[in-house]
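Taking the numbering used here, the leading residue of the sequence shown gets 7, the next gets one more, and so forth.
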Amino acid sequence: MENLCELKCEACRKGAPRATSEEIAQFRAQIPEWEIVTVCGIEVLSRAYKFGNFAEALAFTNRVGELAEAEGHHPEILIEWGKVTVRWYTRKIKGLHRNDLVMAAKTDVLLI
Numbered sequence: 007m008e009n010l011c012e013l014k015c016e017a018c019r020k021g022a023p024r025a026t027s028e029e030i031a032q033f034r035a036q037i038p039e040w041e042i043v044t045v046c047g048i049e050v051l052s053r054a055y056k057f058g059n060f061a062e063a064l065a066f067t068n069r070v071g072e073l074a075e076a077e078g079h080h081p082e083i084l085i086e087w088g089k090v091t092v093r094w095y096t097r098k099i100k101g102l103h104r105n106d107l108v109m110a111a112k113t114d115v116l117l118i
């Protein structure tokens, strides 16, 4: 099985194929803390990260932003005192793409 952290995001266009249920199942072991939730009818990968204070949460958010810029794929981020919620999905296809799985795994690495 491929390591999600070693993959790069690929350019995604409107009409690109969504991640299949088989593909999602295959990679779920690499991103066990992420949940698939439906928001406004769109499946997204979501995870809440806990921190000791706002400054730590903000620093993590900035690292996620740097990653997003480097990969050309951007999440929804909600920052609160001691908590950051990150949601990955692909707007162009209104659902999950392989890129979202890749970015979820890379986001987890930012905690190390």
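The C-beta atom is built at its ideal place from N, Cα and C for all residues, glycine as well.
Keep in mind that this is a model prediction, so the values were computed, not measured.
According to DSSP, is residue i helix, strand or coil?
i, result
"A110", "helix"
"K98", "helix"
"R3", "Residue 3 cannot be examined here, being either before or after the span of the chain that is shown, 7 to 118."
Which one of the options has the shortest CA to CA distance from residue i?
i, options, result
"E77", "E28, D106, F60, F33", "D106"
"N9", "E16, K20, Q36", "Q36"
"G58", "A74, I85, E75", "I85"
"G88", "Q32, I30, K112, A61", "A61"
"H80", "L64, K112, K56", "K112"
"V92", "K98, D114, K100, T26", "D114"
"A25", "E49, V90, I83, R69", "E49"
Report the rounded CA-to-CA distance for residue i versus residue j, giving the unit in angstroms.
i, j, result
"I42", "L102", "9 Å"
"T67", "A54", "12 Å"
"K20", "L117", "32 Å"
"A22", "R104", "10 Å"
Buried or exposed: which applies to residue i, given that a residue is buried once 16 or more other Cβ atoms fall within 10 Å of its Cβ?
i, result
"L51", "buried"
"W40", "buried"
"A31", "exposed"
Would you list, in sequence order, the uninterrupted alpha helix (DSSP H) runs of no fewer than 4 residues that lie entirely inside the stretch 8–90? 27–33, 60–77
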